[in-house]
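FYI, in full-length UniProt numbering the residues of the sequence shown are 1 to 152. Let me begin by presenting the structure, written as structure tokens, before commenting on it.
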Amino acid sequence: MKNDIRISRTTSENTDFISLVAVLDESLWERYPELKWDYWGNNILEINPNVVVIYIDNKAVACGCFKKKNENTIEIKRMFVLPEARGKGFSQNILRELELLGVELGFSFSVLETLYKQTEAIGMYEKCGYAIVDNYEPYVGLKNSICMRKQI
């Protein structure tokens, strides 16, 4: 039986996106309980028109968004795939759609931050053309952060 897979451009007010981000936050705090207070302020869900959600048979299984970092750079945020949907390339699909949206809006670069234990994510980002760079604000001095950058 073939699943119905749909990629949706939406906003941060989408209830499926909000639900996925809640699961993401819970998983991060379980994996990194010692870092919660260092990073909590960076994980506030702002009003954002640049959100992508992937659905399988009308169930939201993956998400991501970006915010404007500066005049020519977007910052990828809130990338997440539910555990039961991993290994199917959805994170790459989300990232590709976000980069395409960024280009459509006139941006030339994409940056992101992830944590050092996120080895699967780091490998996926490198596979998609991202390179590790010096930490940018607000991650300067946070030794657990890995910052990456790509021309889009």
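Cβ coordinates follow ideal geometry from the N, Cα and C atoms, glycine included. Please read these numbers as outputs of a predicted model, since none were measured by experiment.
For the alpha helix (DSSP H) that contains residue i, what are its first and last residues?
i	result
residue 92	90 to 104
residue 120	119 to 127
residue 30	15 to 31
Since residue i contacts residue j with CB under 8 Å, what's their CB separation in whole angstroms?
i	j	result
residue 80	residue 102	Contact flag wrong, Cβ pair sits at about 19 Å.
residue 108	residue 151	6 Å
residue 19	residue 85	Between residue 85 and residue 19 the Cβ distance is about 14 Å, and since that is not below 8 Å, they are no contact.
residue 74	residue 68	6 Å
residue 21	residue 82	Their Cβ separation, rounded to whole angstroms, is 12 Å, which puts residue 21 and residue 82 out of contact at 8 Å.
residue 111	residue 149	5 Å
residue 113	residue 139	5 Å
residue 5	residue 97	Not really, about 13 Å apart at Cβ, beyond 8 Å.
Could you give the residue range of the beta strand (DSSP E) that holds residue i?
i	result
residue 60	59 to 70
residue 109	109 to 115
residue 6	5 to 10
residue 81	73 to 81
residue 140	Run containing residue 140: none; DSSP gives neither H nor E here.
residue 132	131 to 133
residue 47	Taken as a continuous stretch (DSSP letters only), residue 47 belongs to no beta strand (DSSP E), as it is neither H nor E.
By Cβ distance, which residues of its chain are closer than 6 Å to residue i, with the 5 residues on each side in sequence left out?
i	result
residue 3	56, 57
residue 94	52, 62, 64
Kindly indicate if chain C contains any beta-carbon less than 9 Å away from that of residue i.
i	result
residue 66	Going by chain labels, chain C is absent from the structure shown, which holds only one protein chain.
I'd like to confirm something about residue i: is its beta-carbon nearer than 8 Å to some heavy atom of the ligand ZN, or not?
i	result
residue 11	With respect to small molecules bound, the structure shown includes none, and the ligand ZN cannot be examined in it.
For residue i, does the count of other Cβ atoms within 10 angstroms reach 16, so buried, or fall short, so exposed?
i	result
residue 14	buried
residue 116	exposed
residue 47	exposed
residue 27	exposed
residue 99	buried
Within the same chain, show all residues whose beta-carbon is closer than 8 Å to that of residue i, passing over the 5 residues directly before and after it, in chain order.
i	result
residue 87	none
residue 145	113, 114, 115, 116, 135, 139
residue 118	146
residue 121	79, 91, 114
Tell me which residues share the same chain as residue i and place their Cβ nearer than 7 Å to its Cβ, disregarding the 5 neighbours each side in the sequence.
i	result
residue 10	17, 51, 53
residue 124	91, 92
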